[in-house]
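Presented below is the structure to which this report refers.
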Amino acid sequence: MRIRDPIHGMIELNSGEAAIIKEEAFQRLRRIRQLALTSLVYPGATHTRFEHSLGVMHLASRVMDSLYKRPFLRKRFPEDEFKRLRQLVRLAALLHDVGHAPFSHGGEGVFRTGLKHEHYSIAIIRKYFAPIINKYFPEIKVEEIVTLLDKGYLGSDLVFLGKIIDGEMDADKLDYLLRDSYYCGVRYGKYDLERILDTVTVVPVRETLSSNEFEGEGGSGTGFWLLGVDSDGIQAVEELIFARYWMFIQVYFHKTRRIYDYYLTAFLKDFLHQRFPQNGGCLPDLDHLEDYINLDDCTVLDAIKEMRQSNEWARRIYERDHLS
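Residue numbers (my numbering): 421 to 744.
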């Protein structure tokens, strides 16, 4: 399967990945906006977690492909094993956001205490995606994906895999900065992606996490491998850091956008009190995953429209009124 993406061009999926995105628990991401109610400030920001997840998978595999050009990694990992790890990283990247609440981070104010969207992602992977993974990817264990998403640690010489998913310059950031910038119509999130991919490497760190031996460009010793760039990529990473900073200042923490986050959380508490009175205004917990995945932005937007006459938070969101 090939999917055309406005940020990365054609994104290729194998048959197993195509089966995953056809699953209803993944299709739900088409109805989860990436940036909550940001479209009330930047009208173009209606993109979703669906295309972001595809983009993260695509970039994660590009990082892996770049890394395997390094002679010391080719020496350490036979080609078949590295292909397996590449597929593992692709699956973790593809599924990393399946547990998001309605309106993504905008809905996190109504999680039960101690729960995060990552906890839901892991539970949803185990319940809904494990059969597909077992069928199409018998060489990969579901718990490897879970561990990569949860702890990011599969061994001292595999720490860099976790950093591709969640790290200082992970595939998540590499995608959302470009994607959010594009759909918001701003330039703040731009950076030199190709330079980063051209210079990405793994860096041996000589601090002991385990007794395993590693061998890198700097020699051998006890320690672990982190994701980094060689000296030619430093300026590109600096540009990435500044791009993220400016996106937070100008988009994610925009004062009007933050007001609507507050309204959304207040409305969700009222809505959930009505829909699940036993939950105390919180989203369904991990024991009620079906109720959870049946909630999406469409559910909430319908409720906002229906309740706008009786609920002040719904009215303010519906009428885009933050001044009265």
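Heads up, the beta-carbon is just placed ideally off N, CA and C, and yes, glycines get one too. Only a predicted model underlies this, so the values are computations on that prediction, with no experimental measurement involved.
Could you pull the DSSP bridge partners for residue i from this structure?
i	result
methionine 430	Arg424
Closest by CA to residue i, which one among the options?
i	options	result
threonine 533	Leu684, Asp741, Leu706	Leu706
aspartate 517	Pro498, Ile441, Glu501	Ile441
serine 435	Arg422, Ile427, Phe446	Arg422
valine 720	Asp425, Phe687, Phe502	Phe687
leucine 578	Ile552, Ile545, Val622	Val622
aspartate 650	Tyr548, Arg490, Ser473, Pro426	Arg490
threonine 619	Ala734, Leu709, Met484	Met484
proline 704	Phe492, Gly519, Leu460	Gly519
aspartate 652	Ile661, Arg615, Thr685	Arg615
isoleucine 552	Val530, Leu515, Asp570, Ser524	Leu515
arginine 389	Tyr672, Arg469, Ala456	Look at the range of the chain in this structure, 421 to 744, and you will see that residue 389 is not part of it.
phenylalanine 523	Val562, Thr458, Glu501	Thr458
serine 473	Glu499, Asp711, Arg599	Arg599
glycine 575	Trp645, Arg504, Thr676, Asn731	Trp645
arginine 677	Tyr573, Met430, Leu460	Leu460
threonine 685	His525, Pro498, His478, Phe497	His525
leucine 597	Asp722, Asp425, Tyr672	Tyr672
leucine 715	Arg546, Glu732, Arg448, Tyr665	Arg448
glutamate 659	Leu613, Pro426, Ile679, Arg695	Leu613
isoleucine 661	Arg496, Tyr611, Ala513, Glu710	Tyr611
aspartate 595	Ala513, Ala734, Asp500, Arg626	Ala513
Quick check on residue i: does DSSP put it in helix, strand or coil?
i	result
arginine 469	helix
valine 530	helix
glycine 648	strand
arginine 453	strand
valine 623	strand
cysteine 702	coil
lysine 593	helix
proline 491	helix
serine 459	helix
arginine 607	coil
proline 522	coil
histidine 537	helix
alanine 475	Reading off the sequence shown, one finds glycine at residue 475, where the question assumed alanine. Of the three classes helix, strand and coil, the one that applies to glycine 475 here is helix, per DSSP.
phenylalanine 696	coil
proline 551	helix
leucine 617	helix
isoleucine 560	coil
phenylalanine 673	coil
glutamine 729	coil
lysine 583	helix
isoleucine 464	According to the sequence provided, residue 464 is glycine. The question's isoleucine does not apply to it. Of the three classes helix, strand and coil, the one that applies to glycine 464 here is coil, per DSSP.
histidine 708	helix
phenylalanine 797	Nothing about residue 797 can be reported from this structure: the residues present for the chain run from 421 to 744 only.
glutamate 635	Annotation note: pLDDT 44 at glutamate 635 (below 50); position unreliable, coordinate value reported separately. It is a strand residue.
lysine 503	helix
To which residues of the same chain is residue i closer than 6 Å at the C-beta, ignoring the five residues directly before and after it?
i	result
tyrosine 603	Gly464, Ala465, His467
arginine 482	Leu617
aspartate 592	Val476
glycine 701	Lys689, Leu692, His693
glutamine 670	Tyr608
leucine 455	Ala465
Please work out which residues of its chain come closer than 8 Å, Cβ to Cβ, to residue i, disregarding the five sequence neighbours upstream and downstream, and give them in chain order.
i	result
arginine 607	Ser601
glutamate 528	Ala521, Lys536, His537
threonine 738	Note that residue 738 corresponds to tyrosine in the displayed sequence, not to threonine. Excluding residues within five positions, the ones whose Cβ falls inside 8 Å are Ile724, Lys725, Arg728.
leucine 508	Ile560, Glu564, Ile565, Leu568, Leu581
arginine 605	One detail in the question is off: residue 605 reads as glycine in this sequence, not arginine. Same-chain partners within the cutoff: Tyr462, Gly464.
Less than 7 Å between C-beta atoms, sequence neighbours within five positions excluded: which residues of the same chain meet that for residue i?
i	result
arginine 494	Tyr488
serine 744	none
aspartate 590	Lys583, Ile584
alanine 438	Met421
arginine 736	Tyr683, His742
valine 657	Met589, Ile616, Val649
State the CB to CB distance for the pair residue i and residue j, rounded to an integer number of angstroms; the pair is presumed to be in contact (CB under 8 Å).
i	j	result
leucine 647	phenylalanine 580	5 Å
arginine 453	aspartate 681	Not confirmed; about 12 Å, so no contact.
phenylalanine 446	leucine 511	That belief does not hold up - the Cβ atoms of phenylalanine 446 and leucine 511 are roughly 12 Å apart, past 8 Å.
methionine 667	glycine 587	With 8 Å as the limit, methionine 667 and glycine 587 do not qualify as a contact, their Cβ atoms being about 18 Å apart.
isoleucine 544	isoleucine 654	Their Cβ separation, rounded to whole angstroms, is 38 Å, which puts isoleucine 544 and isoleucine 654 out of contact at 8 Å.
glutamate 443	phenylalanine 549	7 Å
histidine 478	histidine 539	Between histidine 539 and histidine 478 the Cβ distance is about 26 Å, and since that is not below 8 Å, they are no contact.
aspartate 570	isoleucine 542	6 Å
If you measure from the CB of residue i, is any heavy atom of the ligand NAD nearer than 7 Å?
i	result
proline 522	Within the structure as shown, the ligand NAD is missing, as the structure has no ligands at all.
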